[in-house]
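Here my numbering is used: position 42 in the sequence shown is 43, and no number is missing along the way. Glycine included, each C-beta is placed from N, C-alpha and C at the ideal position.
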Amino acid sequence: MRIVVLTGAGISAESGIPTFRGAGGLWEGHRIEDVASPEGWNKNPELVLDFYNQRRRGILSAQPNAAHIQLAALDAHHEIQIITQNIDDLHERAGSKNILHLHGEILKARSVKNPNLITPINGDIQIGDVASDGAQLRPHIVWFGEQVPMLEMAIPLVEQAEILVIIGTSMVVYPAAGLLHYASPEIPVYVINPEITEISRRKNIHFIQKNAGEGVTEFIRLVLTK
Ligand code: NAD
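Shown next as structure tokens:
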């Protein structure tokens, strides 16, 4: 069974990594445009680097939770494709094989001059840290207002899905939210979220109103256990 799993910040909430929509539109106390836009970077790059340095440290000390781990275990019997909006590496550490990061990865940095000059990074990025082209390093994160290059790869994956599962995302950040429209109208779509969201109310959606860990267990029981 070809299953595409679209994940957002909510799947990592039980690992202790906060989401941002829940907290009044702030991300760890910051306005999104200050820390996640090219304008924020141009205005105050130190603040932006410091913000992501803190996120990186938090993510490195977090562990995958039951949702990441159960999804990774499904690889043994199904064709699972994870498409995540998350910048953390918890799907990787849980052992999932096929993961596409739509919005970049906190454990990578890139040149401000060349978006394709990407390097792995475990520690902090400081002003003055440069890529091999001599340009300042920035986090390899897609900011609001920037292109989402991985979208082109994500679209055919969603088109080929036989089941779509949407976990822990408010589905309000475009273009990621638009991926839903590429799924065949014939396939079942499951939404796992403790909160009622705009998509969970739609017709033909199977809504599992639970946290990610319990919700994935329920999905497996309902759909994959014969
Ligand atoms: P969001 O913060 O907008 O929405 C989170 C969703 O998760 C909400 O609908 C909420 O009801 C749900 N949720 C909360 N706790 C949950 C739980 N225990 N189990 C399941 N669902 C739960 O997140 P989003 O839609 O992913 O927004 C996208 C942006 O947020 C992305 O660009 C992403 O880079 C960024 N972000 C990423 C991380 C991360 O990498 N872990 C953390 C915060 C924000």
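Can you say whether Pro-186 is buried or exposed, counting buried as having 16 or more other CB atoms within 10 angstroms of its CB? As a working note, residue 186 is residue 185 in the sequence shown. Result: exposed.
Any non-hydrogen atom of ligand 1 closer than 8 Å to Gly-30 Cβ: What you label residue 30 is simply residue 29 of the sequence shown in a count that begins at 1. Checking every heavy atom of ligand 1 against the Cβ of Gly-30, none is found closer than 8 Å.
Skipping 5 residues on each side, what residues in its chain have a beta carbon closer than 7 Å to that of Lys-114? Position 113 of the sequence shown, counted from the start, is the residue given in the question as residue 114. Answer for Lys-114: Asp-134 and Ala-136, listed in chain order.
Just verifying my parser: in three-state terms, what is the DSSP assignment at Thr-170? In the sequence shown, the residue the question calls residue 170 occupies position 169. Coil.
Val-6 by DSSP, collapsed to three states: which one? In the sequence shown, the residue the question calls residue 6 occupies position 5. Val-6 falls in the strand class under three-state DSSP.
Local conformation of Thr-198 per DSSP, three classes: Residue mapping note: residue 198 aligns to position 197 of the sequence shown, counting from 1. If DSSP states are grouped into helix, strand and coil, Thr-198 belongs with coil.
Can you tell me which of Val-5, Val-174, Ile-197 and Ile-18 puts its alpha carbon nearest to the alpha carbon of Ser-62? Against the sequence shown, residue 62 aligns to sequence position 61. Checking every option, the nearest Cα to that of Ser-62 belongs to Ile-18.
Going by DSSP, what residue range makes up the beta strand (DSSP E) through Ile-206? Start at 1 with the first residue of the sequence shown, and residue 206 comes out as number 205. Start and end: 206 to 209.
Looking at the structure shown, is Tyr-175 part of a helix, part of a strand, or coil, going by DSSP? For the purposes of this step, residue 175 is taken as residue 174 along the sequence shown, with counting starting at 1. Three-state DSSP puts Tyr-175 in coil, outside helix and strand.
Looking only at its own chain, which residues have a Cβ that is under 7 Å from the Cβ of Pro-195, when we skip the five neighbours before and after it? Locating residue 195 in the sequence shown gives position 194, where the first residue counts as 1. Result list for Pro-195: Gln-210, Lys-211 and Asn-212, in chain order.
Of all the alpha helix (DSSP H) runs that stay within the bounds of the segment 11 to 46, which reach a length of 4 or more residues? 33 to 36 and 39 to 44
Identify the continuous beta strand (DSSP E) that holds Ala-110 and give its terminal residues. The residue given as residue 110 occupies position 109 in the sequence shown. Per DSSP, Ala-110 belongs to the beta strand (DSSP E) from 105 to 112.
Which class does Arg-203 belong to by DSSP, given the choice of helix, strand or coil? Against the sequence shown, residue 203 aligns to sequence position 202. Coil.
So does Ala-162 have its beta carbon nearer than 8 Å to some heavy atom of ligand 1? As a working note, residue 162 is residue 161 in the sequence shown. Incorrect: Ala-162 has no Cβ contact closer than 8 Å to ligand 1.
Among all the DSSP beta bridges, which residues are the ones paired with Thr-120? Residue 120 sits at position 119 when you count from the first residue of the sequence shown. For Thr-120, which the question treats as bridged, DSSP gives the partners Ala-110.
Determine the direct distance from the alpha carbon of Ala-73 to that of Ile-230, and round the result to whole angstroms. Limits of the chain in this structure are 2 at one end and 227 at the other, which puts residue 230 out of reach.
Using a C-beta cutoff of 9 Å, does Lys-98 count as contacting chain B? The structure shown has no chain B; it contains just one protein chain.
For Val-190, the three-state DSSP class (helix, strand or coil): Residue 190 sits at position 189 when you count from the first residue of the sequence shown. Correct three-state label for Val-190: strand.
Count the other C-beta atoms from every protein chain shown that fall within 10 angstroms of the C-beta of Arg-32, then say buried if there are 16 or more, exposed otherwise. What you label residue 32 is simply residue 31 of the sequence shown in a count that begins at 1. The residue is exposed, with fewer than 16 neighbouring Cβ atoms inside 10 Å.
Met-172 Cβ short of 8 Å to ligand 1 heavy atom set: On the sequence shown, position 171 is the one that residue 172 refers to. Checking the Cβ of Met-172 against ligand 1 gives yes.
From Tyr-175, Thr-170 and Gly-59, pick the residue whose C-alpha is nearest to that of Gly-146; which is it? The residue labelled residue 146 in the question sits at position 145 within the sequence shown. Closest by alpha carbon: Tyr-175.
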